[in-house]
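Numbering-wise (our numbering), the sequence shown opens with residue -8 and increments by one.
Worksheet for the structure shown next.
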Amino acid sequence: MRIMLLGAPGSGKGTQAALLKEKYGIAHISTGDILRSEVARCTELGRKAESFMNSGTLVPDDVILGMIESRLVEPDAERGWLLDGFPRTLVQAHGLIALTERIGQKVDAGVLLNIAPEIVVRRLSGRRVCGQCRGVTNVSEATPEGTCPNCGGPLALRSDDEPAVVRHRIQVFEEQTQPVFELFRGQYDVIDIDAAQGQEQVAEAIRKALSKYA
-8 MRIMLLGAPG SGKGTQAALL KEKYGIAHIS TGDILRSEVA RCTELGRKAE SFMNSGTLVP
52 DDVILGMIES RLVEPDAERG WLLDGFPRTL VQAHGLIALT ERIGQKVDAG VLLNIAPEIV
112 VRRLSGRRVC GQCRGVTNVS EATPEGTCPN CGGPLALRSD DEPAVVRHRI QVFEEQTQPV
172 FELFRGQYDV IDIDAAQGQE QVAEAIRKAL SKYA
């Protein structure tokens, strides 16, 4: 099974990706993980990426696509893979289509987690990070004293979870990534999932939709 998991920040991609990896035994591939791995291993692509990261600029699409290609042909991806949050731009999308055709790894489906922007704002602005154990929780799960439910440490709101910042992240996502969905609808089976549901309901909806590819 080879699938793409797409959706706005806060749509639950990370949670659902972990569940899908466990259920189907496929490689979970995210560009963030790939970047960190390539840089840590001091590969040629990693050195290229690091030079852009150190200068505070975005890593070019051709470098990202090169990393994706090297990752897709690794042994653990032979049984299938899940692309988490990639591609994010039309350039990356066209590149992925060409890449998968070239290496003979046809994408089975794209799973699109749909969710209203204001629900995302509520979700992300409610997240807190523990300054002690670094765990992530929600304000609704904090202790009566407002501390971490796991270790009792102090909780803080990350700067990128501020409501205004979240709205900007959603705007960037809609401008850059929505056109990707329209392109893929003409190329692949794109499965729309209501991500405003609870975690288990979303997982069950995805499992049912993907059952024909398992």
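We put the CB at the ideal spot given by N, CA and C, even for glycine.
- Gly189 and Pro0 have their C-alpha atoms spaced approximately 16 Å apart.
- Excluding sequence positions up to five before and after Gly126, its CB lies within less than 8 Å of the CB of Val120, Cys139, Asn141, Cys142, all in the same chain and listed in chain order.
- By the Cβ neighbour-count rule, Ser2 is buried, with 16 or more other Cβ atoms within 10 Å of its own.
- Beta-bridge annotation (DSSP): Leu146 is paired with Cys121.
- At the C-beta level, Ile94 and Glu69 stay beyond 8 Å of one another.
- Cβ neighbours of Val112 within its own chain (closer than 7 Å, five residues either side excluded): Pro154, Val157, Arg158.
- Along the segment 17 to 59, the beta strand (DSSP E) occurs as fully enclosed runs of 3 or more residues at 18 to 21, listed in sequence order.
- Beta-bridge pairing by DSSP links Ala100 to Ile(-6), Asp180.
- The three-state reading of DSSP puts Thr6 in helix, counting H, G and I together.
- Under the 10 Å beta carbon count, Arg114 is surrounded by 16 or more other beta carbons and is classified as buried.
- In this structure Lys203 is exposed. Its beta-carbon is surrounded by fewer than 16 other beta-carbon atoms within 10 angstroms.
- When beta bridges are read from the DSSP output, Val127 appears opposite Val120.
- According to DSSP, Asn105 shares a beta bridge with Asp185.
- Measuring C-alpha to C-alpha distances from Ala205 to each of Glu29, Phe164, Gly71 identifies Gly71 as the nearest.
- When Cβ pairs closer than 8 Å are counted between the two stretches, the segment 127 to 134 is seen not to touch the segment 164 to 171, the count staying below three.
- Taking a contact to require three or more Cβ pairs closer than 8 Å, the segment 15 to 22 and the segment 35 to 43 do not qualify as touching.
- For a cut-off of 8 Å, the C-beta gap from Val193 to Ile184 is around 6 Å, short enough to register as a contact.
- Between the alpha carbons of Ile161 and Gly137 lies a gap of roughly 28 Å.
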